[in-house]
Structure formats: C-alpha cells, structure tokens
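J.:
Protein chains: 4
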Amino acid sequence: MDLRIDPSNSLPIYAQVVDQVKALVACRALRPGDAVPSIRDLAATLRINRNTAAKAYQLLEADGVLETRQGQGSVVAEGGTRWSWEERRRRLVVSLDRTLVEAHHLEIPPEEVVRLLEDRIRITTRRPRAGDKA
Amino acid sequence: MDLRIDPSNSLPIYAQVVDQVKALVACRALRPGDAVPSIRDLAATLRINRNTAAKAYQLLEADGVLETRQGQGSVVAEGGTRWSWEERRRRLVVSLDRTLVEAHHLEIPPEEVVRLLEDRIRITTRRPRAGDKA
Amino acid sequence: MDLRIDPSNSLPIYAQVVDQVKALVACRALRPGDAVPSIRDLAATLRINRNTAAKAYQLLEADGVLETRQGQGSVVAEGGTRWSWEERRRRLVVSLDRTLVEAHHLEIPPEEVVRLLEDRIRITTRRPRAGDKA
Amino acid sequence: MDLRIDPSNSLPIYAQVVDQVKALVACRALRPGDAVPSIRDLAATLRINRNTAAKAYQLLEADGVLETRQGQGSVVAEGGTRWSWEERRRRLVVSLDRTLVEAHHLEIPPEEVVRLLEDRIRITTRRPRAGDKA
DNA sequence: GTGGTCTAGACCACG
DNA sequence: GTGGTCTAGACCACG
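Chains as they are written, first to last, in our numbering: chain H, -18 to 115; chain E, -18 to 115; chain S, -18 to 115; chain W, -18 to 115.
Right, here's the structure in full:
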C-alpha cells in the first residue's frame, strides 16, 4: 500500500492516511478482503507514531472502510453503507456544491464541470477485466 | 451580506466565513465591485471575534475574492483568475476526484453523481432577482 | 456532571465515560444544549489523562450525543439520529436479545422481563413538568 | 453445536463462543445434561486456537452454564441459579436499563421498545422441534 | 505476532 | 481559556 505523508499539508497526518486509503479503495486498487499493513508496519514505513496510524485505522473502521480482526490486522471491508438514502444524498450534495463553488472561482463554466466529471468517471472507474471481481 | 455561523460546525469560524462569501460570489448574490461590510461591522453582526473576521478577509484577499482599498473597505474583486487553464483544470479535478471517492463510499453510482451534479447546477445557478435576499 | 470511574471495571475508562454520559442524557439529567465540563476539567476531576477524556468526548460526538464548539467546550446535542429506521430497529433488537438471553440464565420468565421493562420505563422516564421541554 | 465465529466482530472469539452457547441454552436448543463438544473438537471445528476454546468453556463453567466431569467432557448444567431473587432482578435491571439508554439515543419510544421485546419473546421462545438444527 | 488502552508531555489552532 | 495532534513509551488482551 503506497501512501505518502506530506508534512507541509495542513491536513493532519491521520486524515491524510484516511483519505488516501479511501481513494485506493474507491479506485479499486484495494478491494474488499484485501489486507492492509499492520499498524506497526504502517507506522514504521511512514515514520509516524503507532498511535497516529492506529487513529487512522480506527476512523477507517468507524467509516466502514476497514474491518479489523482479532490480532490479525485489518482488511478492506465489504460494502454495505449504514446510512439512509436521504443521508447519503445529502452528503454527496454538500460535496458537489463545494465543487461548484470552486469551479465558479476558477471560472470554469458548469457545462465544463459536467464534462470533466464524466472524464474523471471514465478514467477512475476503469474497465474490470475477466477474472476481476465486479 | 447574509452569513450564518454554525457554532456546532467543526469547521473554524473564519473558514465558514470564507466558504460562505465564496458561495455568495459563486451564486452571483455578490458581484464584482459590490462592497462587503467592514471587518468591524461583520464581527459585530455575526458576534464573532474581530480577529476572526480579519483572518477571513485576509484569506479571501489572498484568494483573489476580495480587494481591499486602503481606508475604503473591501469590495468583491473582478474575476480575472491568475492561474493558467491547466492549473485551474488541475484544481477542479482534485475536487471532482474527492467527490467521486465519497460517492463510491456512499454507494452512489457515477451516473447518479452526474445526475445530481446537473440538479445542483440547475438549482444553484438560478439568477437572483430583485428582492431576493443575499 | 457526576461520573464515577471504576478502575476494577474491565470496560476501558473512556467507554465508562461514554456510557455514563449517554445514561445521563437518556434519563434527562443532561438535556440538549446543556454544557458538559471541559476535557481538561473532566480529566482533572476523574484523575484520568486528558487524552482519555478527549477520546470519550470524541466518541460521544461521533455518536451524535455531544457537539463540540470552537474552543468553547462541548454541549449536549439536539436529537436527530442519522440512521435509517431499519438500522435503528436492528440495533435495538440486538440489545433486546442479549437481555432475553441473560433473563433465561437468571431464570426470569419472559412475562416478568416485560413487567420489569415497564417498571424501568416508568421509573426512568419520570414525568416532565410544566416548563420542562418535551 | 452450530456456532459461527465472525472474525470481523470486535468481540473476542472466546466471548463470541460464550455468548452463542448461552444463547443456545436460552432458546433451549441445548438442554441441561446435553453433551457439548470437547475443547479439542470445538477448536478443530471452528478453526480457532485450542486455548481460545478452553477459555470460553472455563468462563461458561464459572457462569454455571456448563459442568465439566473429569475426563468425561462437558455437559450443560442443570439450572439452579446460585443467586437470590434480588440479585437476579438487579442484574436484569442493569441489562434493561442499558437497552433503554440505547433506545433513547436511537429515538425509539418506550412503547415501541415494549412492543419489540414482546416480538422477540414470541420469536425466540418458539420450541425447537425434532429435526431442527441446533 | 496483532491491536487497544493509557499516560506524560509538547505544541498548535481557535478565538 | 478551549480542543486537536502527535510523539514516546508502557502495559495488556488476543490467539
């Protein structure tokens, strides 16, 4: 699992880990059932404190992204969101609105935002091949 | 300028001000050249610390959203983004990718994300009419 | 806020705090909007580490029981659960089944469990009086 | 004896075994005098560590659920709780109160809790018939 | 080996 | 003043 901590990033270290793991899961570089490094290994690799690594994993578990098994490390969880459809929609709309505000300040017109979104979908959800799990 | 501070929001107050001013500019409730309240007035209206209001304005200026003319208060800056098209595109893609990662974890399929984005564009870019509150 | 840590309890300290605060909210000894002690105060009073107290408050916030405001301590949150009705029902059934298993081992018949439950409801949801918020 | 270990459950394996055996006894799928597998067999079947299985049986014995006769394996103990009525009532009330606290936070009203409890009693105390799997 | 808890103590952001 | 982050390091539970 290839993570990079940027100490100049104002985002806390544990949040950088959380975001990057979520991104790896979202782009299917990590799939349900895949093992992730132990907290100790991750901490050593990233040269961060064990507690910081543990906090990231705990948040990922609370978010349903990882599952931790009895002294056997963590794996990527199966899906199955715990939120109502309304709640999920509400959360995504917050994210979309934030993006639209940014687009306006970047002077990128709405149609172009839609076009770029479709681009990114095409790029990030790349074709599963034979043998890949859907 | 109608801003609302949510004390239970984990986002710092100054950042809430920044985001909301940007949103008002983005939805054209505030337009280039429009005056915004003085730091002192804003602090009094929102009942926040004057330093907090000052920090927000300072960030908005750094972002090119406001312009402060010595002793004459601040106004919404003319557009004229300072970044290249490539840089602007790059920044929006970061935001879109973040949204797509979230959509994946919320188990909202890409087509639905596009549909919701188009919804939000329709809703948020509706031209404010005379009498509308900012 | 009167909490008691039992060092001989196998439940971690932070979880004892969480449970007791939840109980105080459930029996309306703490109501939405009420302030709770600062993390530093709580830690000093209970003679536990600040980090341990912070962890308890963070979990309570994640659970929607507390809201933390900008450097101004925490207050009891307004209601508004974030889970679907199915999820909420599922969680309560887990708790009820656990109770029924325990009742069986205590050789307390089901009808008596229902009777005791009704007793506890009567005792713990004591009459709101005029002026009390519903 | 049909037990299922869920490795993603945060409850330790030995506790899962304890809870499930208690549940089987509670729903009368296991009755006083019934033999349970040896520690060695249980460990092999569930593919868990032999020490883990031993710890579960030891706790079940301490709780008066199993009885081990030297060299003859373990059987489900006769009822005959060792506690006074007051003590047994006190323990169940702890469990009921915990459930009521949870119901409050799930915003499930007390009457609904009673209704759900009655449902669960109806469902869980249905007498197992010949041919039913334990 | 694995993760979880707790402490002591530093330092920072916010207001 | 408030809470949040991070480290170093100890000790424990689980298997």
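Even glycine gets a Cβ: it sits at the ideal position worked out from N, Cα and C.
Quick one: list the residues of chain E neighbouring arginine 50 (chain S), beta-carbon separation under 8 Å, in chain order.
T.: Counted from its first residue, the third sequence places residue 50 (chain S) at position 69. Within 8 Å Cβ-Cβ: Pro(-12) and Ser(-11).
J.: Of all the CB atoms in chain H, is at least one closer than 7 Å to the CB of lysine 125 (chain E)?
T.: Here chain E comprises residues numbered -18 to 115, so residue 125 (chain E) is not present and cannot be evaluated.
J.: Out of E:Ala7, E:Asp0 and E:Leu(-8), state which residue places its alpha-carbon closest to the alpha-carbon of histidine 86 (chain H).
T.: As a first step, residue 86 (chain H) is located in the first sequence; it is residue number 105 there, counting from the start. Measuring from the Cα of histidine 86 (chain H), the nearest candidate turns out to be E:Ala7.
J.: If you follow the alpha helix (DSSP H) that threonine 105 (chain S) is in, where does it begin and where does it stop?
T.: On the third sequence, residue 105 (chain S) is found 124 positions in, with the first residue counted as 1. Note, threonine 105 (chain S): alpha helix (DSSP H), 91 to 105.
J.: By Cβ distance below 7 Å, which residues in the same chain neighbour asparagine -10 (chain S) in space, the five residues on each side in sequence not counted?
T.: By one-based count along the third sequence, residue -10 (chain S) stands at place 9. Once the five neighbours on either side are set aside, the close Cβ partners of asparagine -10 (chain S) are Gln(-3).
J.: Give me the residue from E:Tyr38, E:Ala58 and E:Trp66 with the minimum Cα distance to aspartate 0 (chain E).
T.: On the second sequence, position 19 is the one that residue 0 (chain E) refers to. When each option's Cα is compared against that of aspartate 0 (chain E), the closest is E:Tyr38.
J.: On a Cα-Cα basis, can you pick out the residue from W:Arg103, W:Gly45 and W:Leu98 that is closest to glycine 14 (chain W)?
T.: Along the fourth sequence, one-based indexing puts residue 14 (chain W) at 33. Taking only the C-alpha atoms, the option nearest glycine 14 (chain W) is W:Gly45.
J.: Select from the segment 67 to 79 of chain S all residues with a C-beta closer than 8 Å to any C-beta belonging to chain H, and list them in chain order.
T.: Glu68
J.: Where do the ends of the beta strand (DSSP E) carrying leucine -8 (chain S) lie?
T.: Position 11 of the third sequence, counted from the first residue, corresponds to residue -8 (chain S). Note, leucine -8 (chain S): premise wrong, no beta strand (DSSP E); not H, not E.
J.: Taking the alpha carbon of isoleucine 89 (chain E) as the reference point, which residue from H:Ser19, H:Ile102 and H:Val56 has its own alpha carbon closest?
T.: Within the second sequence, residue 89 (chain E) is the residue found at index 108, counting from 1. Of the candidates H:Ser19, H:Ile102 and H:Val56, the one whose C-alpha sits nearest the C-alpha of isoleucine 89 (chain E) is H:Ile102.
J.: Tell me the rounded alpha-carbon separation between alanine 16 (chain W) and arginine 50 (chain W).
T.: Within the fourth sequence, residue 16 (chain W) is the residue found at index 35, counting from 1. Within the fourth sequence, residue 50 (chain W) is the residue found at index 69, counting from 1. In a straight line, the C-alpha of alanine 16 (chain W) is about 11 Å away from that of arginine 50 (chain W).
J.: Closest to glutamine 53 (chain E) by CA distance: which of E:Pro18, E:Ser65, E:Thr105 and E:Arg31 is it?
T.: Your numbering for residue 53 (chain E) matches position 72 in the second sequence. The shortest Cα separation from glutamine 53 (chain E) among E:Pro18, E:Ser65, E:Thr105 and E:Arg31 belongs to E:Pro18.
J.: Contact check, alanine 58 (chain H) vs glutamate 48 (chain H) under 8 Å by CB: the rounded distance?
T.: Here the question's residue 58 (chain H) lines up with position 77 in the first sequence. Here the question's residue 48 (chain H) lines up with position 67 in the first sequence. That belief holds up - the Cβ atoms of alanine 58 (chain H) and glutamate 48 (chain H) are roughly 4 Å apart, short of 8 Å.
J.: Return the Cβ separation of arginine 31 (chain E) and arginine 21 (chain E) in integer angstroms, given the expectation that the two are a contact with Cβ distance under 8 Å.
T.: In the second sequence, the residue the question calls residue 31 (chain E) occupies position 50. In the second sequence, the residue the question calls residue 21 (chain E) occupies position 40. With 8 Å as the limit, arginine 31 (chain E) and arginine 21 (chain E) qualify as a contact, their Cβ atoms being about 6 Å apart.
J.: Answer with yes or no whether the minimum CB distance from serine 65 (chain S) to chain H is below 7 Å.
T.: For this step, residue 65 (chain S) is matched to residue 84 along the third sequence. Cβ-Cβ to chain H under 7 Å: yes for serine 65 (chain S).
J.: Under a Cβ-count criterion, where at least 16 other Cβ atoms within 10 Å of its own Cβ denotes burial, should isoleucine -6 (chain E) be classed as buried or exposed?
T.: Your numbering for residue -6 (chain E) matches position 13 in the second sequence. The residue is buried, with at least 16 neighbouring Cβ atoms inside 10 Å.
J.: So is serine 55 (chain E) buried or exposed if we call it buried at 16+ other beta carbons inside 10 Å?
T.: On the second sequence, residue 55 (chain E) is found 74 positions in, with the first residue counted as 1. Result: buried.
J.: Pull out every residue of the segment -4 to 7 of chain W whose Cβ sits closer than 8 Å to any Cβ of chain S, in chain order.
T.: Asp0, Lys3, Ala4, Val6 and Ala7
J.: Taking serine 65 (chain H) as part of the alpha helix (DSSP H), name the residues at either end of that continuous run.
T.: Along the first sequence, read from residue 1 onward, the residue named residue 65 (chain H) stands at position 84. Neither: serine 65 (chain H) is in no alpha helix (DSSP H) and is coded neither H nor E.
J.: Could you tell me the alpha carbon to alpha carbon distance between valine 94 (chain E) and threonine 80 (chain E), rounded to whole angstroms?
T.: Numbered from its first residue, the second sequence carries residue 94 (chain E) at position 113. Numbered from its first residue, the second sequence carries residue 80 (chain E) at position 99. Rounded to the nearest angstrom, the two C-alpha atoms are 9 Å apart.
J.: Hey, quick one: how far does the beta strand (DSSP E) through glutamate 42 (chain W) stretch, first residue to last?
T.: For this step, residue 42 (chain W) is matched to residue 61 along the fourth sequence. Counting along the chain, glutamate 42 (chain W) falls outside any beta strand (DSSP E), though it belongs to the alpha helix (DSSP H) covering 31 to 43.
J.: Give the single residue among E:Arg9, E:Ser76 and E:Asp(-17) whose Cα lies nearest to the Cα of threonine 105 (chain E).
T.: If you number the second sequence from 1, residue 105 (chain E) lands on position 124. The shortest C-alpha separation from threonine 105 (chain E) is found at E:Arg9.
J.: Rounded to whole angstroms, what is the Cα-Cα separation between arginine 72 (chain W) and valine 74 (chain H)?
T.: For the purposes of this step, residue 72 (chain W) is identified with residue 91 of the fourth sequence, where counting begins at 1. For the purposes of this step, residue 74 (chain H) is identified with residue 93 of the first sequence, where counting begins at 1. Each residue's Cα considered, the two are about 47 Å apart.
J.: Can you tell me which of E:Leu5, E:Pro(-12) and E:Leu(-16) puts its alpha carbon nearest to the alpha carbon of glutamate 117 (chain H)?
T.: An answer regarding residue 117 (chain H) cannot be provided, because it is not within the stretch -18 to 115 covered by chain H.
J.: Please list the partners that glutamate 99 (chain W) has in chain S, where partner means a Cβ-to-Cβ separation under 9 Å.
T.: Indexing the fourth sequence from 1 puts residue 99 (chain W) at position 118. Those are Pro91 and Val95, listed as they occur along chain S.
J.: Can leucine 98 (chain S) and leucine 98 (chain W) be called in contact, C-beta distance under 7 Å?
T.: Counted from its first residue, the third sequence places residue 98 (chain S) at position 117. Counted from its first residue, the fourth sequence places residue 98 (chain W) at position 117. Taking 7 Å as the Cβ cut-off, leucine 98 (chain S) and leucine 98 (chain W) qualify as a contacting pair.
J.: Name the chain E residues that come within less than 7 Å of alanine 10 (chain H), Cβ to Cβ?
T.: Mapped onto the first sequence, residue 10 (chain H) falls at position 29. Here the premise fails: no neighbours, minimum Cβ distance about 12 Å.
J.: Between which two residues does the beta strand (DSSP E) holding leucine -16 (chain E) run?
T.: As a first step, residue -16 (chain E) must be located in the second sequence, where it is residue number 3. Segment: none, leucine -16 (chain E) is in no beta strand (DSSP E) and carries neither H nor E.
J.: Can you find the residues in the same chain that come closer than 7 Å, C-beta to C-beta, to lysine 114 (chain H), ignoring five residues on each side of it along the sequence?
T.: As a working mapping, residue 114 (chain H) is identified with position 133 in the first sequence. With a pLDDT of 49 at lysine 114 (chain H), under the threshold of 50, the modelled position of that residue is not reliable, and the figure given next carries that caveat. Once the five neighbours on either side are set aside, the close Cβ partners of lysine 114 (chain H) are Arg12.
J.: In the DSSP assignment, find the unbroken alpha helix (DSSP H) run with leucine 27 (chain W) in it and report its ends.
T.: Against the fourth sequence, residue 27 (chain W) aligns to sequence position 46. Segment 20 to 27, the alpha helix (DSSP H) holding leucine 27 (chain W).
J.: Please compile the residues from chain H whose C-beta is within a distance smaller than 8 Å of the C-beta of alanine 43 (chain S).
T.: One-based indexing of the third sequence puts residue 43 (chain S) at position 62. Here the neighbours are Ala43.
J.: Strictly below 7 Å CB to CB, what residues from chain E border alanine 84 (chain H)?
T.: Here residue 84 (chain H) corresponds to residue number 103 of the first sequence, with the count starting at 1. Per Cβ cutoff of 7 Å: Leu73.
J.: Apart from the five residues just before and just after threonine 33 (chain W), which ones in its own chain have a Cβ nearer than 6 Å to its Cβ?
T.: What you label residue 33 (chain W) is simply residue 52 of the fourth sequence in a count that begins at 1. For threonine 33 (chain W), where only same-chain residues beyond five positions count, the Cβ hits under 6 Å are Ile(-6) and Tyr(-5).
J.: Please classify leucine 47 (chain H): does DSSP put it in a helix, a strand, or coil?
T.: The sequence position of residue 47 (chain H) within the first sequence is 66, counting from 1. Note: leucine 47 (chain H) maps to strand in three-state DSSP.
J.: Can the beta-carbon of valine 2 (chain E) be found less than 7 Å from the beta-carbon of leucine 40 (chain E)?
T.: If you number the second sequence from 1, residue 2 (chain E) lands on position 21. If you number the second sequence from 1, residue 40 (chain E) lands on position 59. No, Cβ-Cβ distance for valine 2 (chain E) and leucine 40 (chain E) is not below 7 Å.
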